[in-house]
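Working notes for the structure below.
In my numbering, the protein residues as written are 4 to 378.
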């Protein structure tokens with residue numbers, strides 16, 4: 004249990020010249036200044052008292068009763084700490100309290116008490132978080148029963164008293180600085196866990212359990228221990244590595260920008276292709292129309308010419324450029340004059356008749372039949 008030295012008091016007047024004085028009351032008790040703050044009250048019962056009595060009575064060295072706790076304050080003010088009395092033996096009276104039963108007052112202290120210049124006793128003792136009384140350190144005559152907690156220097160002096168008592172009685176020493184150290188530790192843990200200043204030890208413990216669960220992947224303290232320092236160092240190394248491998252925006256473009264450019268290029272390509280196709284179609288139409296009109300293409304060749312133009316426009320252009328116009332396809336050989344009816348001799352057509360048949364794409368027989376005089 005964590006215990007520390009504090010100054011407690013009894014608001015009981017000292018009987019004049021009494022050699023038996025009450026040090027602590029039985030049961031629970033508090034100071035009229037509101038202490039203790041760590042627990043509901045200090046308390047002592049038969050079991051606790053048995054330990055206290057055994058420690059005091061086995062000490063073999065008298066306990067001092069000083070003035071105003073000067074035994075603890077002399078390290079600060081440098082003043083002597085004269086005794087007002089001494090006692091060696093204490094006695095527990097069930098239901099009543101703890102008593103010093105062999106008090107020897109100094110002559111001056113007895114005079115003070117008789118003149119009521121000192122009226123109260125203030126024992127110094129240790130206690131744990133539950134308020135249970137631990138070791139009795141010393142007692143002081145005082146007129147201010149409600150005293151403040153020990154300052155750091157006085158606390159160190161109380162620690163020496165505890166160590167001396169432990170050495171004399173054989174009881175394990177009590178570290179009276181343990182509580183301040185625990186308070187400092189809690190403060191550091193609150194900072195580490197980002198908890199508010201008012202967070203209790205239970206709050207800190209609960210947050211630590213959550214952290215342990217995260218670091219141990221839910222296995223808790225049953226998992227192998229984890230070195231938090233090494234984890235932090237590893238994290239820093241990863242951050243440095245990532246920073247070193249970070250993409251240089253001056254050399255590389257984000258993927259979303261690339262995707263956007265690809266989309267724009269695709270749209271532009273489609274537009275260009277459409278325009279090119281339209282222009283190509285326009286060129287093909289122009290070539291074929293011109294070639295049909297001047298006889299470089301026969302009408303039966305139009306479908307073929309369009310297919311060639313769509314697949315290989317230069318080839319169509321080359322063909323049209325090299326083709327010779329056929330006048331017969333674009334004009335009449337008679338110059339628009341109706342030729343005389345010529346009877347075609349089936350048996351022996353002349354050269355003119357053969358030329359006419361060739362130009363018109365008919366056989367001499369068909370020509371002769373068409374020009375046969377009516378009966």
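From the three backbone atoms N, C-alpha and C, an ideal C-beta is built for every residue, glycine too.
Keep in mind it's a predicted model, so treat the numbers as computed, not measured.
Boundaries (first-last residue) of the beta strand (DSSP E) holding residue i
| i | result |
| --- | --- |
| residue 44 | Taken as a continuous stretch (DSSP letters only), residue 44 belongs to no beta strand (DSSP E), as it is neither H nor E. |
| residue 306 | It is not in any beta strand (DSSP E) - residue 306 instead sits in the alpha helix (DSSP H) that spans 305 to 314. |
| residue 131 | 123 to 131 |
| residue 84 | Premise fails: residue 84 is in no beta strand (DSSP E) and is neither H nor E. |
| residue 58 | First-last for residue 58: 49 to 60, but that is the alpha helix (DSSP H), not the beta strand (DSSP E). |
Own chain residues within Cβ distance below 6 Å of residue i, not counting five before or after
| i | result |
| --- | --- |
| residue 203 | none |
| residue 2 | Look at the range of the chain in this structure, 4 to 378, and you will see that residue 2 is not part of it. |
| residue 103 | 24, 26, 90, 93 |
| residue 397 | The chain is shown only over 4 to 378; residue 397 falls outside these bounds and no answer can be derived. |
| residue 108 | 88 |
| residue 145 | 71, 123, 125 |
| residue 47 | 27, 136 |
The alpha helix (DSSP H) enclosing residue i, as first and last residue numbers
| i | result |
| --- | --- |
| residue 357 | 354 to 363 |
| residue 116 | 110 to 117 |
| residue 373 | 367 to 373 |
Beta-bridge partners of residue i, as assigned by DSSP
| i | result |
| --- | --- |
| residue 90 | 66 |
| residue 24 | 103 |
| residue 298 | None, per the DSSP bridge assignment. |
| residue 30 | 47 |
| residue 140 | Its beta-bridge partners do not exist; DSSP assigns none. |
| residue 96 | 100 |
| residue 135 | 46 |
| residue 145 | 123 |
Beta-carbon contacts of residue i that lie in its chain and below 8 Å, excluding the five residues immediately before and after
| i | result |
| --- | --- |
| residue 53 | 95 |
| residue 214 | 196 |
Contacts around residue i, its chain only, beta-carbon distance under 7 Å, and the 5 residues preceding and following it disregarded
| i | result |
| --- | --- |
| residue 210 | 196, 198 |
| residue 290 | 312, 319, 320, 323 |
| residue 189 | 204, 207 |
Length-filtered (4 minimum) alpha helix (DSSP H) runs lying within the stretch 194 to 267: 204 to 218, 231 to 247
Count the C-beta pairs between the stretch 16 to 33 and the stretch 92 to 102 that are closer than 8 Å, then say yes if the count reaches three, no if not. Below 8 Å, enough C-beta pairs join the stretch 16 to 33 and the stretch 92 to 102 to call them touching: three or more.
Stretch-stretch touch, CB-based, cutoff 8 Å, three pairs: the stretch 108 to 121 with the stretch 32 to 52: With contact defined as three or more Cβ pairs closer than 8 Å, the stretch 108 to 121 and the stretch 32 to 52 are not in contact.
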